[in-house]
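Okay, structure first, notes after.
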Amino acid sequence: MENQEKNDAVTAVEEIPEFKGKNLEDAILHAEHKLKVPRTEFEYEVVTEKTRLFGLGKEVVIRARVKRFAKNGDLTVFLDRLMNVFPLDLTYEIKTKEDISFVIFGGADRQILLWKDGALLLAIQHLLNKISDRKVQVDCEFFRKRKEKSLRDYALDVARRVADSGRNEILDLMNPYERRIVHIAANQVPGITSESLGEGFLKRVKIYPLSKRAR
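Numbering (the working numbering), first residue to last: -13 to 201.
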C-alpha cells in the first residue's frame, strides 16, 4: 500500500515532456523520435497552437508520454494475475510482430487448453483482445497451424460439394477466427462464395454458388 502511494505521488509530480512542430502531425513525429516509440504507444494533449511572431508560420506544442502499459505491459499484467488464480500449471511467452502480439502458452497443464477443439485457448484469446490495444493471437502446441489446416480442408471439401450439387450448405456455429479461415478457403473454389449468418460472437457460415441456380 505504501509503495502504491509513493508511485501515485511520483506520477502526480511527473513532468510530462513537451514537443513542438509546425503542425500537429509534425509535433507527433517529433514525440515519436524523442520517445522512441510509435504514436500508438504514447498519449498526448495539445498545449498550445499559435501563430509565430510576425506571422511567420504556426507552432503546435503537445505534451506526450508513453502509455503505462505500452509494449505488451497490459497483457503481462493481466496474464500474471491470471496465472496466480488459474488452477492450472501454465507458462506463457509474448512475441511481437508489427501490430500483433503473439502469446504462446506452455507448462504441465497446457494440453487442457486444447480440450474441446481449443475452446479454453480461444476464450483466453478473446479476453486478451478485449484488454489490449494490439491484436492478440494465442497458441499452444502449434494449435493454430493444425486448426487452420483442418478448417481449410473442411471448407474446401464443402465448397467443392456445393459446386457439384448446386445446393447451399450451412455450417455449424463458429467464432470470428474460424469463420475468417472458412471464408478465405471457400472463396478459392470458382463460382462459390460464402457469408456469415446470425448475430453475436458465434455465427454460422453459408457456402453457396454465385449463380441463381442454388436451391
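Here a beta-carbon is modelled for each residue, glycine too, at the ideal position from N, C-alpha and C.
Assuming residue i and residue j make a contact with CB atoms under 8 Å, what is their CB distance in whole Å?
{"i": "G184", "j": "L196", "result": "Contact doesn't hold; Cβ gap of about 22 Å is too wide."}
{"i": "V95", "j": "D119", "result": "One point to set straight first is that residue 95 is Asp, not Val, in the sequence displayed. Contact flag wrong, Cβ pair sits at about 29 Å."}
{"i": "F64", "j": "I14", "result": "About 28 Å; that fails the 8 Å criterion."}
{"i": "K6", "j": "H16", "result": "7 Å"}
{"i": "F129", "j": "L100", "result": "6 Å"}
{"i": "I167", "j": "L188", "result": "At roughly 15 Å, the Cβ-Cβ gap does not stay under 8 Å, so I167 and L188 are not in contact."}
{"i": "K121", "j": "I86", "result": "5 Å"}
{"i": "G93", "j": "K133", "result": "Contact doesn't hold; Cβ gap of about 20 Å is too wide."}
Return yes when the Cβ of residue j is within less than 8 Å of the Cβ of residue i, no when it is not.
{"i": "A149", "j": "V175", "result": "yes"}
{"i": "F28", "j": "R51", "result": "yes"}
{"i": "I80", "j": "C126", "result": "no"}
{"i": "V46", "j": "N70", "result": "no"}
{"i": "N154", "j": "I193", "result": "yes"}
{"i": "K44", "j": "E35", "result": "yes"}
{"i": "Y30", "j": "L108", "result": "no"}
{"i": "L61", "j": "L106", "result": "no"}
Using a Cβ-Cβ cut-off of 8 Å (strictly less than) and excluding sequence neighbours within five positions of residue i, which residues of its own chain qualify?
{"i": "R190", "result": "I156, L157, D158, L159, M160, S182, L183 and G184"}
{"i": "G186", "result": "none"}
Please work out which residues of its chain come closer than 6 Å, Cβ to Cβ, to residue i, disregarding the five sequence neighbours upstream and downstream, and give them in chain order.
{"i": "P3", "result": "none"}
{"i": "F55", "result": "Because the pLDDT at F55 is just 47, under 50, the model does not fix this residue reliably, and the value given afterwards should be weighed accordingly. None."}
{"i": "V32", "result": "I48"}
{"i": "F88", "result": "K81 and Q123"}
{"i": "Y78", "result": "L65, V89 and F91"}
{"i": "A141", "result": "V168, A171 and A172"}
{"i": "R165", "result": "S182 and V191"}
Need the endpoints of the beta strand (DSSP E) that residue i sits in, please.
{"i": "P195", "result": "R190 to P195"}
{"i": "I80", "result": "T77 to K83"}
{"i": "I86", "result": "I86 to G92"}
{"i": "E4", "result": "E4 to G7"}
{"i": "I48", "result": "K44 to V52"}
How would you write the range of the alpha helix (DSSP H) that residue i sits in, first residue to last?
{"i": "I110", "result": "W101 to I117"}
{"i": "D12", "result": "L10 to L21"}
{"i": "F128", "result": "Element bounds for F128: n/a, residue is neither H nor E."}
{"i": "E181", "result": "Note, E181: premise wrong, no alpha helix (DSSP H); beta strand (DSSP E) at I178 to L183."}
{"i": "I170", "result": "P162 to A172"}
Could you pull out every residue in the same chain whose Cβ sits closer than 7 Å to the Cβ of residue i, ignoring the five residues on either side in sequence?
{"i": "E1", "result": "none"}
{"i": "P24", "result": "E18"}
{"i": "L68", "result": "none"}
{"i": "E(-12)", "result": "In this predicted model, E(-12) has a pLDDT of only 42, less than 50, meaning its place in the structure is not dependable; the value taken from the coordinates is given anyway. Nothing listed; no residue qualifies."}
May I ask you to verify whether the region 132 to 146 touches the region 161 to 174, counting CB pairs closer than 8 Å and requiring at least 3? Between the region 132 to 146 and the region 161 to 174 there are three or more inter-stretch CB-CB distances shorter than 8 Å, so the stretches are counted as touching.
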